[in-house]
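Residues 7 to 108, numbered by our numbering, are exactly what the sequence shown covers, in order.
These notes are about the structure you will find just below.
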Amino acid sequence: MRTTVEFKGVPKLILEKAVDIGLARSKTDALRMGVFALNDEYHLIKDIEMELVERKLVEEEAEMKKKKIKYLSKEEALSKYRWAIGFKKMESWIQARLGWLF
Numbered sequence: 007m008r009t010t011v012e013f014k015g016v017p018k019l020i021l022e023k024a025v026d027i028g029l030a031r032s033k034t035d036a037l038r039m040g041v042f043a044l045n046d047e048y049h050l051i052k053d054i055e056m057e058l059v060e061r062k063l064v065e066e067e068a069e070m071k072k073k074k075i076k077y078l079s080k081e082e083a084l085s086k087y088r089w090a091i092g093f094k095k096m097e098s099w100i101q102a103r104l105g106w107l108f
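In structure tokens, the structure reads:
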């Protein structure tokens, strides 16, 4: 999100002071720190990671709907790996019968 903001008076002085004393590298960083402090104070977003994941899923679902893409079923998703599963079972069977070879 891009936003242009102009501060005057006390907010401007606070941002400049945060940069001057080295608390923030720039006024933009000071604003970012303020946003996180706001969340810490009022608990606006409890689990930030989960919130980001949920938003990403909503975006992906909207994109899939727009492109008319459907989710794969479990069987469809695993179908290209069936040979590996079958090979592993066969390998276990052979090892059980002819353990001395392995």
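Just so you know, even glycine gets a beta-carbon here, dropped at the ideal spot from N, CA and C.
Use the C-beta contact count for Leu84: other C-beta atoms within 10 angstroms, 16 or more gives buried, fewer gives exposed. Exposed, because fewer than 16 other Cβ atoms sit within 10 Å of the Cβ of Leu84.
Report back the beta-carbon spacing between Ser32 and Val41 to the nearest angstrom; my notes put them in contact at under 8 Å. Contact between Ser32 and Val41 does not hold, since their C-beta atoms are separated by about 14 Å, which reaches or exceeds 8 Å.
Going by DSSP, what residue range makes up the alpha helix (DSSP H) through Ser85? Unbroken alpha helix (DSSP H) run through Ser85: 80-85.
Can you tell me where the alpha helix (DSSP H) holding Glu63 begins and where it ends? The displayed chain sequence assigns Leu, not Glu, to residue 63. It spans 54-73 - the alpha helix (DSSP H) in which Leu63 sits, taken as one unbroken run.
Straight-line CA distance for Phe13 to Leu37? The alpha-carbon of Phe13 is positioned some 11 Å away from that of Leu37.
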